[in-house]
Each structure stands twice: as structure tokens, then as C-alpha cells.
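Q:
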Amino acid sequence: MKGLSMAAKLKYRITGKPTLGKGRLAVALFFEPKSLRMTETPFGVIFDLDESYTVGEPGTPGFPMHLIRLALPAFSDVTNIKATAVKTLNVTEKPVFVAPIQEPQPGFPPQDKSKSLIKKSLYDGKRKGIDKPSYVQKIQGVTSPDLKKYQRALAIPAQLVRVSNIEHRGVATVLTLEINPVKQNKSGLIELTTEVKIEIEYESTSVPKATEPVIGSRHFKPARTKLESTKI
């Protein structure tokens, strides 16, 4: 598997102007194939996607996630979100094994943890059987794959777009979305969604609607948010 060069910053296109009352915003995100880099290791393939992070439950396959934040009119209540995979392509020609997410460790940024530990283990002089993948031989300090979680991730991939948070900052309502453009299909091939379309419907009032605040902040849960993700 060949490495791919660094790409320019992620491209966005937003249509629709936030206004008081009911409104709609459409956001298009573009992930260029060259923005995704893949590194083969005895533990599986590690992904690096520009402006993205690899986070999740330890032992699960490590796919990159991108975060975006959108400012809506003050005290807006998101009523519906629809996500569509406009364009998708296969970035591998054969099935691959995805390296697992590692346990958190002080001093390592989340997105660097997996690669740092795996690379360190490759140069461990006490290690034997270096040609064996991690799901065959356990290596000290490296989290092994949880096969049940891998099967679940393959059967039910992460949503293309997920609401992470809605918060009010001064007069603005800020919507945080998680974008998961990389996934593994049932054939074991890696797919990259190169164009994602997100349609957001909202309504705004003079005061925030009753919701459950997170203790110690002005965050609000998007209890009535409906998310639709097109299956590929």
C-alpha cells in the first residue's frame, strides 16, 4: 500500500443564510483522496486524514473523525438533519485489517497514541515473532483488537454524520457535528466519502426552549434532533 501526499485544507461550501424564525442551511464537505494516508503495520492499517482525529473505544477499529462547528441564530432549535454521501470511492483494492484504537495515555494526543505505541513496539528488541499480526500475538503496551467489536463495527458502521453537541455562546447557537468519511464495507474494502452533503433545518425563538442543560455549562442536548444518514 503506497503512502499518499499531504493535501490542502478541507474544502467547505455553505448555502443558505442564517435568519430568525425557521430556516435551512446546506453544507457540502469535500475530502480529497490524497488527504487520506494509510500506513501498513503488523497490527493493521493506520489511517491519517487531514484535519481529523482517530478517537473511540479502545480495541475497536481506528477510523478518522472530522469535527465541524456551525453558528446558527441565537437560541435556535435544530429540528432535522439529513446527511447524504454524494460521492464515495474505494481506496483499497483488497480487504485490509484496520489497526485498533489504543488505551488513553498521559502525554499522548488521542490522534497520535495508536501510531506512537505501534511504532515503538516494532523496535522492541525483546519482541519475538514480529511478522505476526497483533490479533495473533499480544504485545505489551499495545491494545489488541476486540474481535466482537470489530464484527459489530463491520455490521453497523458509524453514522456518516452525528450531532456531537449544541451550545449557546453569547447570541449564537453553535452546532458541533462529527463527520465519519472513512469506513470499511462488508467486503473488507476501505471506502472514502469524498463529498458529504448536510442539510440542517432549524427554528429560532426569542428564548431557548426547555432542554436539559449539562451541569456547569450552557450546553443543551438536541433531544428532538432527527438524523438521517444515507447508506452506501
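Numbered by this note's numbering, the letters in the sequence shown go through residues 408 to 639 in order.
Backbone N, C-alpha and C fix where the C-beta goes; we use that ideal spot for every residue, glycine too.
By how many angstroms is the C-alpha of P449 removed from the C-alpha of Q544?
A: A caution first: Q544 carries a pLDDT of 46, below 50, which makes its placement in the model too unreliable to give a value.
Q: From the DSSP secondary-structure annotation, give me the bridge partner or partners of K590.
A: Answer by DSSP bridge pairing, in chain order: E598.
Q: Suppose you measure from the CA of K418 to the CA of V485; what does that come to, to the nearest Å?
A: Distance between the alpha carbons of K418 and V485: 24 Å.
Q: Answer yes if the stretch 492-507 comes into contact with the stretch 596-614, meaning at least three C-beta pairs across the two stretches below 8 Å, and no otherwise.
A: Segments in contact, yes.
Q: How long is the line joining the alpha carbons of S611 and G466, rounded to whole angstroms?
A: Approximately 41 Å, taken between the alpha carbons.
Q: Closest to P468 by C-alpha separation, out of F438, V503 and S594, would be which residue?
A: Among F438, V503 and S594, the Cα nearest to that of P468 is on V503.
Q: Are at least three pairs of beta-carbons, each pair with one atom in the stretch 440-449 and one in the stretch 555-562, less than 8 Å apart?
A: The stretch 440-449 is not in contact with the stretch 555-562.
Q: Check each candidate in I597, Y609, I586 and Q558 and name the one with the smallest Cα separation from V462.
A: Per the Cα distances, I586.
Q: Could you tell me the boundaries of the alpha helix (DSSP H) in which K555 lies?
A: Per DSSP, K555 belongs to the alpha helix (DSSP H) from L554 to A562.
Q: Does A506 pass the burial test, meaning 16 or more other C-beta atoms within 10 Å, or should it be called exposed?
A: It counts as buried.
Q: What residue from I488, E464, I597 and L582 has the CA that sits closest to K555's CA?
A: The shortest Cα separation from K555 among I488, E464, I597 and L582 belongs to E464.
Q: Out of A478, F454 and D457, which has the shortest C-alpha to C-alpha gap to V434?
A: The shortest Cα separation from V434 among A478, F454 and D457 belongs to A478.
Q: I'd like the list of long-range same chain contacts for K429, defined as Cβ closer than 6 Å, with 5 residues on each side in sequence excluded.
A: Result list for K429: E610, in chain order.
Q: Between V578, Q509 and M472, which has its C-alpha nearest V549's C-alpha?
A: It is Q509 whose Cα lies nearest to the Cα of V549.
Q: Please report the distance separating the alpha-carbon of I573 from that of V581.
A: One C-alpha to the other measures close to 6 Å.
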